[in-house]
Amino acid sequence: MIDAIFKMRAAGPMEQFEILPIVPLSLGGIDISLTNSAVWMIIGTGAIILFFAMATRRAGLIPGRTQSTAEVLYEFVSDLVRDTIGSEGRKFFPYVFTLFLWILIMNLFGLIPSLPGTPAEAHTFTPTSHLIVTLALAMLTITIVIVYGFLKNGLKFFKLFAPSGVPLWLMPILVPVEVISFLSRPLSLAIRLFANMFAGHVILKLFAGFVVSLLGAGGAVMAFGIAPFLGAIAVTALEFLVAALQAYVFAVLTCIYLSDAAHASDH
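This is the structure:
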């Protein structure tokens, strides 16, 4: 049985990112099928709701493990929002908190090993390894920044691109640079998260493929499988760190952009 598993042809490193329909649906010629990506988004969202429902169901003065974990996450993001945006940042806490937790869970759930023999549609999936998902999150963030920036500052929001005290002769150079920098924010947000999750999963799959190939070769060649096996363990540990770090970076940059919108007239 073990030999048969080792001799099975391993899937390529890119197949793990394939979006597969689970419930085929169509509306007016438009494909609206329920895919593995959508299913894992639903699972991740449900897990967050279930966790906080359990954490707050029996909230007490002396918290249990679940309540303690929820409080630590709450205080962590609350401090981040307050320190970055200031007192005005409280209104953005629900958004930043939800954004941080959702990205964190999506990143971590994608590291759960799939059960051997399960169909490809049932394999664990990392939605944040797709640019369209991370770009949607980034565009939502930048839209909130622009809308709030104009509501809070009016036309003074444009002071982000032309700060006070800058010599007039420098404006023709500074303004285009600032505009390009601002417009590139959603792209940098989206690509950073997507690239880190995508590259990490590819490397992990490659190491796992080396292990299976070398162990399946049998004989003395099996000894060479130790190195990629240890490498796979190291990459897995690094992936858990990257998963948390990228959720934090996305939340931090979101807070910085919101801070710019909140204080644009002060520039």
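Take 39 as the starting number for the sequence shown in my numbering and just add one per residue.
Every residue, glycine too, gets a C-beta built ideally from N, C-alpha and C.
Note that the structure is a prediction, hence the values are computed from the model and not measured.
Quick one: what does DSSP say S297 is sitting in, helix, strand or coil?
helix
Here's the rule I'm using: 16 or more other beta-carbon atoms within 10 Å means buried, otherwise exposed. How should I141 be labelled?
buried
From F267 to A300, what does the alpha carbon distance come to, in whole angstroms?
49 Å
Using only alpha-carbon positions, find the residue among G102, Y133, R128 and F163 that is nearest to I81.
The shortest C-alpha to C-alpha distance from I81 to any of G102, Y133, R128 and F163 is the one to F163.
Just to confirm, are L63 and S71 a CB contact at a threshold of 8 Å?
yes
Using 7 Å as the cut-off, classify the Cβ of E277 as near or not near the heavy atoms of the ligand ZN, replying yes or no.
You won't find the ligand ZN in this model; it holds no ligand whatsoever.
As assigned by DSSP and simplified to three states, the class of P59:
strand
How many whole angstroms separate the CB atoms of L118 and A281, which I take to be in contact at a CB cut-off of 8 Å?
Actually they do not touch by this definition, with Cβ atoms about 17 Å apart.
What does a CB cutoff of less than 8 Å around E1 pick up in its chain, not counting 5 residues either side in sequence?
Because the chain spans 39 through 305 in this model, residue 1 falls outside it and cannot be assessed.
Among residues of its own chain, excluding the 5 on either side of F131, which ones have a beta-carbon nearer than 8 Å to its beta-carbon?
V115, S116 and V119
Between the region 166-178 and the region 192-201, are three or more C-beta pairs nearer than 8 Å?
no
Tell me whether L72 sits in a helix, a strand or coil according to DSSP, three-state version.
In the structure shown, L72 sits in a strand (DSSP, three-state: E or B).
Is L169 helix, strand or coil by DSSP?
Note: L169 maps to helix in three-state DSSP.
Taking the beta carbon of I123 as the centre, do at least 16 other beta carbons fall within 10 Å, making it buried, or is it exposed?
I123 is buried by the Cβ-count criterion.
Are the CB atoms of V183 and L296 within a distance shorter than 8 Å?
For L296 and V183, yes; Cβs fall inside 8 Å.
Put S152 into one of helix, strand or coil per three-state DSSP.
Looking at S152 - three-state DSSP - the assignment turns out to be coil, as it is neither helix nor strand.
Taking the C-alpha atoms as reference points, what is the distance between P101 and M92?
12 Å
Between which residues of its own chain and L58 is the CB-CB distance below 7 Å, once the five residues before and five after are set aside?
T73, N74, A158 and E159
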